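Notes for the one structure printed next.
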Amino acid sequence: MAVQGDSTDHQWVDDHAGPVVRPYAVTGGRARPVTGTFDLISLVTAVRQDVSPEVGLGPEHLAIVGLCQRVQSVAEIAAHLDLPLGTVRVLLGDLVSRNLVRIHEPHISDHSIFEAVIHGLRAL
Amino acid sequence: MDYGHSEQPAGTVTLPTAIKILVAGGFGAGKTTLVGAVSETRPLRTEEVLTESGVGIDDLAGVETKRTTTVAMDFGRITISDDLVLYLFGTPGQDRFWFVWDELALGAIGAVVLADTRRLADCFPSIDYFEERGTPFLVAVNCFDGARQYRLDEVQTALNLDPEVPVLLCDARQRDSAKEVLITLVEHAMKLREARRNAQ
Chain E
0 MAVQGDSTDH
10 QWVDDHAGPV
20 VRPYAVTGGR
30 ARPVTGTFDL
40 ISLVTAVRQD
50 VSPEVGLGPE
60 HLAIVGLCQR
70 VQSVAEIAAH
80 LDLPLGTVRV
90 LLGDLVSRNL
100 VRIHEPHISD
110 HSIFEAVIHG
120 LRAL
Chain S
0 MDYGHSEQPA
10 GTVTLPTAIK
20 ILVAGGFGAG
30 KTTLVGAVSE
40 TRPLRTEEVL
50 TESGVGIDDL
60 AGVETKRTTT
70 VAMDFGRITI
80 SDDLVLYLFG
90 TPGQDRFWFV
100 WDELALGAIG
110 AVVLADTRRL
120 ADCFPSIDYF
130 EERGTPFLVA
140 VNCFDGARQY
150 RLDEVQTALN
160 LDPEVPVLLC
170 DARQRDSAKE
180 VLITLVEHAM
190 KLREARRNAQ
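Respectively, the protein sequence lines represent chains E and S.
So the first sequence is numbered by numbering that gives the first Met the number 0: it starts at 0 and just counts up by one.
So the second sequence is numbered by numbering that gives the first Met the number 0: it starts at 0 and just counts up by one.
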């Protein structure tokens, strides 16, 4: 019976059940990052290949570092980790303050960028 | 440091520049379809959770206990080159989430407004928004099966658009058609930028 009980429990923890941990729990109740604003398309890259668990870092922090071994936008991180943007921004603030990730803010495009986009789209 | 195995090694000095284009229009106009037609990945979804105070005037009759609202945005990515990545964001359909639009529109190079001629009025709020904000935009008439075909100048008149705003037909499901829409938008945005610079 105990085994059956376990399998019933697991049935509730599928994609439709929603997050098992509430977003604020992931951030320790914080709604705003300690540093940075993090545009949706700010690009994030990990500074180091591996980060060992340390005090103040949760599994979501480590997941971001893992994901950002390849350059990712803030929006992509949120989508891949299935976390709300606000939560991801708080976590990124923690990682920036520990110098574990670098952020490249989008900047106002100059003329050459427009041409590069047009050429790039034509070549698709 | 050795990151030989990864395509875009972490920790290197140059990071690509990211730019974005918005895809707006009424519910069911084909925003996510267009994003998916050109994106190199299937469209991703990101969510912003809003507390009550963040939501504008709203009829919450019968749902008094509702404390948060989730606004979902679908988006796609096109890697133009090693140092340029284009993101396409579908705007949230609910027109009341204007402050989410403000965040999306900030720094965007332009917007595609998808129109469905069966429900042309659905794209009015998007057009008003981009006109007011000064965001370069065009109107792409998504050709749905069974929809009556209108001439582009009829659509232009019906939407009361500035003559300089491009209006074109598209099939949001077709990659080439979606590409053409984006190229036309970027060309238009570039032209406007030059005109504004010369006017200064």
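Glycine included, C-beta positions come from ideal geometry on N, C-alpha and C.
All values derive from a computational prediction rather than experimental measurement.
Indicate whether at least one CB of chain S lies closer than 7 Å to the CB of E:S111. no
Please confirm whether S:G29 and S:A171 have their CB atoms less than 7 Å apart. yes
Please name the residues in the stretch 17–39 of chain S whose beta-carbon is closer than 8 Å to at least one beta-carbon of chain A, in chain order. Reference to chain A is not applicable here, since the protein chains of this structure are E and S.
So, for E:S96: in the same chain, excluding its five sequence neighbours on each side, which residues have a beta-carbon less than 6 Å away from its beta-carbon? V33, T34
Contained beta strand (DSSP E) runs [length at least 3] in the stretch 145–192 of chain S, N- to C-terminal order: 166–169
Can you give me the C-alpha to C-alpha distance between S:A177 and E:C67, rounded to a whole angstrom? 29 Å
The ligand MG and S:E163: does the residue's C-beta get closer than 6 Å to at least one heavy atom of that ligand? Among the ligands in the structure shown, none appear at all, so the ligand MG cannot be discussed.
Does DSSP classify E:N98 as helix, strand or coil? coil
When the Cα of S:A17 is compared with those of S:V70, S:R76, S:V34, S:R41, which residue comes out closest? S:R76
Does the Cβ of E:S111 have 16 or more other Cβ atoms within 10 Å, making it buried, or fewer, making it exposed? exposed
So, helix, strand or coil for S:E39, using DSSP? Look at S:E39 here: in three-state DSSP terms it is coil, with no helix or strand label.
Alpha carbon to alpha carbon, how far is S:L191 from E:G119? 20 Å
Rounded to the nearest angstrom, what separates E:V70 and S:V185 at their Cα positions? 24 Å
Can you give the Cα-Cα distance for E:R121 and S:L14, rounded to whole angstroms? 23 Å
Tell me which same chain residues have a C-beta within less than 6 Å of the C-beta of S:G92, skipping the five on either side of it? Same-chain partners within the cutoff: F26.
Straight-line gap, S:E163 to E:G92 (C-alpha atoms, nearest Å): Distance between S:E163 and E:G92, taken at the CA atoms: about 43 Å.
Reduced DSSP secondary structure (H/G/I, E/B, other) of E:A74: helix
Counting C-beta neighbours from all protein chains within 10 Å, is the total for E:G28 16 or more, i.e. buried, or is it exposed? exposed
Boundaries (first-last residue) of the beta strand (DSSP E) holding S:G89: 83–89
Span of the alpha helix (DSSP H) holding E:V25? 22–25
Taking only beta-carbon positions, decide if S:K190 is within less than 7 Å of chain E. no
Is there contact between the stretch 95–114 of chain S and the stretch 130–140 of chain S, where contact requires at least three CB pairs shorter than 8 Å? yes
Cα-Cα separation between S:F129 and S:G24, rounded to whole angstroms: 11 Å
Could you pull out every residue in the same chain whose Cβ sits closer than 6 Å to the Cβ of S:V166, ignoring the five residues on either side in sequence? Only V138, L151, V154, Q155 meet the Cβ criterion.
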